[in-house]
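Heads up: the structure comes next, in structure tokens.
Residue numbers (this note's numbering): 15 to 509.
Structure (structure tokens):
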């Protein structure tokens, strides 16, 4: 989708889209047209279905005094738009209206919502997110989910400031689309080596990228990660990414770590066949991290950010890890593997440790589609957040509310530590019962956190949408890219 910015409406040909604010005068162009047509526009507004609920519109039959092909009025109650997310939802709604009418190109006349132009840019962001479609594997056009919107000519007196903000939101959009694409790919076309290659493509954004193969992982003694991978013919990889937006500083503000299990059968503790196809997106944490790093680089963020993703496939075979095996992690801590389907935390054990030792970050956030238990606990509207830092978790929670990617703080205090005690090793990889399964996973990862502010995000419930949602067409959501970018931005403002 292309976006151009203009100060005024140079000509009125094509499709014109106006935002009509409740209680405010109509746009100057519409007012002139209204006078020329003896109050026609006012009559349309009065008799139309515009309800000013931010999800209603009027498709105007164009009077002869206008050269437009059609005029669409979007009714908006500014008092109901309380956050960036709400402005984004408005934009997504506008795209839905335009797609319904198969409109490709528009002139979008935006009133001044704010002097800084940020809210207007959020509307464009919402419009862009709703143009996403994953049609790669359809061979028949009739089966594709179509997006028609192609070009937006933005008309606003505030267009320079809107354009400045749009540069940031467009970078976020590019990261979200990358995440959605990766999550949507079938596992046969996104093995660990292929996902590593996708990560390497991000070098063209200015990121420094390094790929560790199985030989290097063995040298680093990543026994927990390698144990997960040993049942698969597809070899494991770990990829690191670095962005130095503050080159004069040696500090690393954040490290982001992602679980990248490109397919999870459960291993020897094999999953039921029903719904197993969904395990293609068990690499969702790594996809979010890659999308986030792309956004960070494209927006040229003034921050020093690193990332590590652990890429493996969890398969049952004659070489697969067995329940009861004991593995030694990179940290030197030993783990009794009770359930090979609790593999994500084993991957995280080594990659969070590696991220801390290599980059020495002030803050670390790991993301993983870790447990079905988090869906049982809080459904599919929020991610489960576990943290050892009130300051950092409060910052993320605030960011989630602003951008519409909410998190819910979950318990992780020491009373749960006994749940992963092992009789023969330092710990076991699952809890002792059916209760608090997501906390057991987080407690396990916590054992590998060494004096750093830390958040663990269990994104199992928010990585895939089974139906259309605001800003999110059905499929891979891209949840987490905008959330974490906002958290980084707010963190730097407060430093």
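Glycine is no exception: its CB is placed at the ideal position from the N, C-alpha and C atoms.
Mark residue 364 as exposed unless 16 or more other C-beta atoms lie within 10 angstroms of its C-beta, in which case mark it buried. By the neighbour-count rule (16 or more Cβ atoms within 10 Å), residue 364 is buried.
In the DSSP assignment, what are the bridge partners of residue 257? DSSP output for residue 257 lists 319 as bridge partner(s).
Exercise. Could you give the C-beta distance for residue 10 and residue 168, rounded to a whole number, given that I count them as a contact under 8 angstroms?
Worked result: Since the first residue shown for the chain is 15 and the last is 509, residue 10 is missing from the structure and cannot be characterised.
Does the beta-carbon distance from residue 452 to residue 398 come in below 8 angstroms?
In this structure, the beta-carbon distance from residue 452 to residue 398 falls below 8 angstroms.
Given that a residue counts as buried once 16 or more other Cβ atoms are within 10 Å of its Cβ, and exposed if not, what is residue 427?
-> Flag for residue 427 reads exposed.
| said: Report the start-end ranges of each alpha helix (DSSP H) in the segment 220-269 that is 4 residues or longer and not cut off at the edges. | reply: Qualifying alpha helix (DSSP H) stretches, in chain order: 228-233, 237-243.
Just reading off the alpha helix (DSSP H) that residue 135 is part of, what are its end residues? Going by DSSP, residue 135 is part of the alpha helix (DSSP H) stretching over 132-143.
Can you give the Cα-Cα distance for residue 230 and residue 165, rounded to whole angstroms? Looking at the two C-alpha atoms, the distance is approximately 47 angstroms.
key: Three-way DSSP call (helix, strand, coil) for residue 53 in this model   = In this structure, residue 53 counts as coil in the three-state DSSP scheme.
Quiz prompt | residue 9, buried or exposed, once every other Cβ within 10 Å from all chains shown has been counted against 16 | solution = Since the first and last residues shown for the chain are 15 and 509, residue 9 lies out of range.
Review point. Can you name, in chain order, every residue of its own chain whose Cβ lies under 8 angstroms from the Cβ of residue 72, other than the five neighbours on each side?
Key: Contacts found: 58, 59, 62, 63, 64, 86, 87, 89.
Check: When the Cβ atoms of the segment 398-410 are set against those of the segment 452-469, are three or more pairs found closer than 8 angstroms?
Finding: The segment 398-410, when compared against the segment 452-469, does touch it at the 8 angstroms Cβ threshold.
C-alpha gap between residue 325 and residue 252, whole angstroms: Rounded to whole angstroms, the gap between the alpha carbons of residue 325 and residue 252 is 6 angstroms.
task: Could you have a look at residue 23 and say whether DSSP puts it in helix, strand or coil?
output: If DSSP states are grouped into helix, strand and coil, residue 23 belongs with coil.
### Query
According to the Cβ coordinates, are residue 377 and residue 268 closer than 8 angstroms?
It is a contact, given that the beta carbons lie within the stated cut-off.
query = Counting Cβ pairs closer than 8 angstroms, one from the segment 301-317 and one from the segment 343-358, do we hit at least three?
reply = The answer is no - the segment 343-358 does not touch the segment 301-317, with fewer than three Cβ pairs under 8 angstroms.
Proximity below 8 angstroms, CB of residue 82 to CB of residue 37 | Their beta carbons are not under 8 angstroms apart, which means residue 82 does not touch residue 37 by this criterion.
Beta-carbon gap between residue 493 and residue 419 smaller than 8 angstroms: Yes, Cβ-Cβ distance for residue 493 and residue 419 is below 8 angstroms.
Item to complete: Thinking residue 162 and residue 117 are a contact (beta carbons under 8 angstroms), I'd like their distance in whole angstroms, please.
Response: About 6 angstroms; that satisfies the 8 angstroms criterion.
**Q.** Residue ranges of each alpha helix (DSSP H) within the segment 345-404, 4 or longer
**A.** The alpha helix (DSSP H) runs lying completely inside the segment 345-404 and spanning 4 residues or more are 358-373, 387-392, given in chain order.
(Q) To test your reading of the DSSP string, which unbroken beta strand (DSSP E) runs of 3 or more residues are found completely within the segment 412-480? (A) You should have 421-423, 467-472.
message = Taking 8 angstroms as the threshold (C-beta atoms), are residue 278 and residue 382 in contact?
response = In this structure, residue 278 does not lie closer than 8 angstroms to residue 382 by Cβ.
Check: In its own chain, which residues sit with a C-beta less than 7 angstroms from the C-beta of residue 132, not counting the 5 before and 5 after it?
Finding: Same-chain partners within the cutoff: 179.
Between 197, 458, 424, which has its C-alpha nearest residue 293's C-alpha? Looking at the Cα atoms, 197 is the closest of the given residues.
Practice item. Go through its chain and collect everything with a Cβ distance to residue 414's Cβ below 7 angstroms, but skip five positions before and after it. Key: Cβ within range, chain order: 420, 421, 497.
**Report entry** Whole-angstrom distance between residue 266 and residue 509, CA atom to CA atom
**Finding:** Per the coordinates, the alpha-carbon of residue 509 lies some 13 angstroms from the alpha-carbon of residue 266.
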